[in-house]
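Enquirer:
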Amino acid sequence: MGLSDPGRVDAGATMSVASPNWITTRMDFLTNWARANSLWPMPFGTACCAIEYMATAASRFDIARFGMERQSFSPRQADVLICAGRLPFKLAPVIRRIWDQMPQPKWAISMGACASSGGIFDNYSMVQGIDTIIPVDVYVPGCPPRPEGLLYGILLLQKKIKGESVFDPTLRDEQLVGPDGLFLPPDRIDELSEPFGNSVSQTRSA
Amino acid sequence: MTAVIPSATASPSVAALRAQFGTAIEGAEVSCGDSIVYVTRERAHDILAWLKDTPGQQFNYLTDLTAVDYRDPERPLEVVYQLRSLSRKADLRVKIALRDESDLEVPTVWDLWKGADWLEREVYDMFGVRFTGHPDLRRILMWETYAEGYPLRKDFPLRGHFSRGEQTRQALAANPEAHYSLEELSIAEVFGELPADMQERLARGERGFLK
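Taken in order, these protein sequences are the chains called B and R. Just so we're aligned, residue 7 is where the first sequence starts under the working numbering, counting upward by one. Just so we're aligned, residue 15 is where the second sequence starts under the working numbering, counting upward by one.
1. So the beta strand (DSSP E) R/Leu106 belongs to, where does it begin and stop?
2. Which chain R residues sit within Cβ distance under 9 Å of B/Pro192?
3. Would you say the segment 66-77 of chain B touches the segment 96-106 of chain B, given that touching needs at least three Cβ pairs under 8 Å?
4. Enumerate in chain order the residues of its own chain whose CB-to-CB distance from R/Leu118 is below 8 Å, with the five nearest sequence positions on each side excluded.
5. Buried or exposed for B/Met7, please, with buried defined as at least 16 other CB atoms from any protein chain shown within 10 angstroms of its CB.
6. Comparing C-alpha positions only, which one of R/Pro171, R/Val53, R/Ser99 and R/Leu208 sits nearest to R/Leu151?
7. B/Ile140 versus chain R: which residues are under 7 Å apart at the beta carbon?
8. Could you have a look at R/Val204 and say whether DSSP puts it in helix, strand or coil?
9. Go to R/Arg135, then tell me how far its alpha helix (DSSP H) extends in each direction, as first and last residue.
10. Going by DSSP in three states, B/Val146 sits in which element: helix, strand or coil?
11. For the beta strand (DSSP E) containing B/Met117, list its first residue and its last residue.
12. Rounding to the nearest angstrom, what Cα-Cα distance links R/Gln71 and R/Gly147 in this structure?
13. Could you check whether the Cβ of B/Asp128 sits closer than 8 Å to any Cβ belonging to chain R?
14. Can you give me the Cβ contacts of R/Glu115 inside the same chain, cut-off strictly under 8 Å, excluding the 5 residues immediately before and after it?
15. Kindly give me the distance between the Cβ atoms of B/Leu87 and B/Thr52, rounded to whole angstroms, as I take these residues to be in contact under 8 Å.
16. Relative to the C-alpha of B/Val144, which candidate in B/Leu162, B/Gly124, B/Leu188 and B/Val133 has its C-alpha closest?
17. R/Ala188 touches chain B at which residues, Cβ-Cβ below 9 Å?
18. Return helix, strand or coil for B/Leu177, following the three-state DSSP convention.
19. Counting only runs of 3+ residues fully inside the segment 16-68 of chain R, write out the beta strand (DSSP E) ranges in chain order.
20. Under three-state DSSP, which class holds B/Leu161?
21. Can you tell which of R/Gly36, R/Ala38, R/Ile50 and R/Glu40 has the C-alpha that lies nearest to the C-alpha of R/Thr23?
22. Below 6 Å CB to CB, which residues in the same chain sit around R/Asp211 once its five sequence neighbours on both sides are set aside?
23. Check the Cβ-Cβ distances between B/Asp196 and every residue of chain R, and say whether any is below 8 Å.
24. So R/Gly174 contacts chain B; which residues on that side make the cut at Cβ distance below 7 Å?
25. Report buried or exposed for R/Ser27, applying the criterion of at least 16 other Cβ atoms within 10 angstroms of its Cβ.
26. State yes or no: is the C-beta of R/Leu155 within less than 8 Å of the C-beta of R/Glu180?
27. Is it buried or exposed for R/Ala81, if we count other Cβ within 10 angstroms and need 16 for buried?
28. Identify the continuous beta strand (DSSP E) that holds B/Met33 and give its terminal residues.
29. Nearest-angstrom Cα distance between R/Ser101 and R/Thr68?
30. Does R/Arg183 pass the burial test, meaning 16 or more other C-beta atoms within 10 Å, or should it be called exposed?
31. Beta-carbon of R/Pro90 versus every beta-carbon of chain B: anything under 8 Å?
32. Under 8 Å Cβ-Cβ, which residues of chain R neighbour B/Gly187?
33. So is B/Phe50 buried or exposed if we call it buried at 16+ other beta carbons inside 10 Å?
34. Measuring CA to CA, which of R/Ala58, R/Asp86 and R/Arg153 is closest to R/Arg107?
Here it is as structure tokens:
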């Protein structure tokens, strides 16, 4: 977690020490380094994935090692929304509001098969992937994912954050909902929610 | 140690019910050692009240109240009451067969067992059975503006009637803070007619963490 990045040779990516009292570096590098290593997660645990999330947060796996020291149970002091578990339609407006309440910069991790795709719950009551409700940065597969899987997802998110630029304002644009209350067009949601696996043989009509 | 073989004999409550109510008892059977009594909808409330209050019966605990959709024109739907006598350690299952799918009404047992409140709401939500006399019959699992029907009916498609886009739109349009409270005008209007304990419950707000 040091400031220098041995993998990169261009001087801008590292801290160059010209004096004991001051350093020069790239703004993006410094900001992203700070952001990526102090992510405050907002756990949105609805099912068994939340148990694995708790294991990830506890001493054996300890996400504090990756800068997630503080679990934020208020969306207003959080950076990462971790949706751990299936999301029923009844909770869709809740997670949407939590996401809207989180200040920028913010990211979302979809943990597990159900949050990412609806999983085995291809039925009338379940959102078929939270990316139809909120934008998602990292999808963690598994049913539920092991803590190592979630840690890998967090590391991927850190990698993604380190590739961002603070001077790109579009990255921090809020995804606003359209006039019909959706941020994706309905036919795009239908496309994302296509049945798969055993669900394919079930028809929509009774 | 010998294996427990389910008794094939009916519960003594069945004979007592037949003696007391005669033709209101439509039939009885024993399944896996459990006694099942079919009763008419018209006398169901009397029968359940009798089972609860009569010495020797004392079925003072409503274990569960649910319904079954058989997708059978002969018996479209059955409402099931699973009764337990805590003092006598005895069980009895009472069923009401509803034969007309357009007429799904049964009397509430909320006045006998208060625990029936949410159970009847769940049966209403999932099967569309209306419980006459229930103080607060609203959907309990699906949100109140849910418009697709009754999900546990056999003729309800697994993924629902609407497209996923439409389902998402309707779900997001629901207000997550619309808890059932006095603020809801329809309840405020009938507030004076509600039973005292219901008034007390609503006056508290019953808003959970939002309180």
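The C-beta atom is built at its ideal place from N, Cα and C for all residues, glycine as well.
Expert: In this structure, then:
1. Ala104 to Leu112
2. Ser177, Arg178, Gly179, Glu180, Thr182 and Arg183
3. no
4. Leu91, Leu112, Phe141, Gly142, Val143 and Arg144
5. Confidence at B/Met7 is low in this model, with a pLDDT of 44, below 50, so the placement of that residue should be treated as unreliable; the coordinate-derived value is given next. Answer is exposed; the Cβ neighbour count stays below 16.
6. R/Leu208
7. Result: empty, since nearest Cβ-Cβ is about 11 Å, beyond 7 Å.
8. helix
9. Ala130 to Phe141
10. strand
11. Trp113 to Met117
12. 25 Å
13. yes
14. Pro90 and Leu91
15. Incorrect: roughly 12 Å between the Cβ atoms, too far for contact.
16. B/Leu162
17. Phe95, Lys96, Ala98 and Pro99
18. helix
19. 39-45 and 48-53
20. helix
21. R/Ile50
22. none
23. yes
24. Tyr130
25. buried
26. no
27. buried
28. No beta strand (DSSP E) holds B/Met33; the alpha helix (DSSP H) holding it covers Met33 to Ala42.
29. 13 Å
30. buried
31. no
32. Arg183, Leu186 and Ala187
33. buried
34. R/Ala58
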